[in-house]
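Following: one structure in structure tokens, then a few remarks.
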Amino acid sequence: MAIALQAVPSRALQLALLDALIAGAGLGYLAHQYREALVANSAAIGLGLLLLFALGYGIRAAARVLLRAGSRVDAIFAEELRDKPSPRPR
11 MAIALQAVPS
21 RALQLALLDA
31 LIAGAGLGYL
41 AHQYREALVA
51 NSAAIGLGLL
61 LLFALGYGIR
71 AAARVLLRAG
81 SRVDAIFAEE
91 LRDKPSPRPR
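For the numbering used here, count along the sequence shown from 1 and bump the result up by 10.
As structure tokens, this is what we get:
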């Protein structure tokens, strides 16, 4: 499901890069201001990030399972509707 760069309009790509630059600059500024707190609590921050990534992966896996189950239900309904006799009188 990778998006090719040619498929993304250039304006949208420019805005996405600008957003990433601004977010990086903001995080860099915060890291500079709170350097002592980051160094003192690096283990807790690392564990928090690990849990955050694990939660994101779990949500992604759950969404994929639900989408797969939904497509199976849709296929069952489509098959049942195909096998149903016509409601018109004969």
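All residues carry an ideal CB built from backbone N, CA and C; glycine is no exception.
- Between L48 and I55, the CB-CB gap stays under 9 Å.
- Judged by DSSP secondary structure, Y67 falls within the alpha helix (DSSP H) whose first and last residues are 52-93.
- DSSP, reduced to helix, strand and coil, places Y39 within a helical segment of the structure shown.
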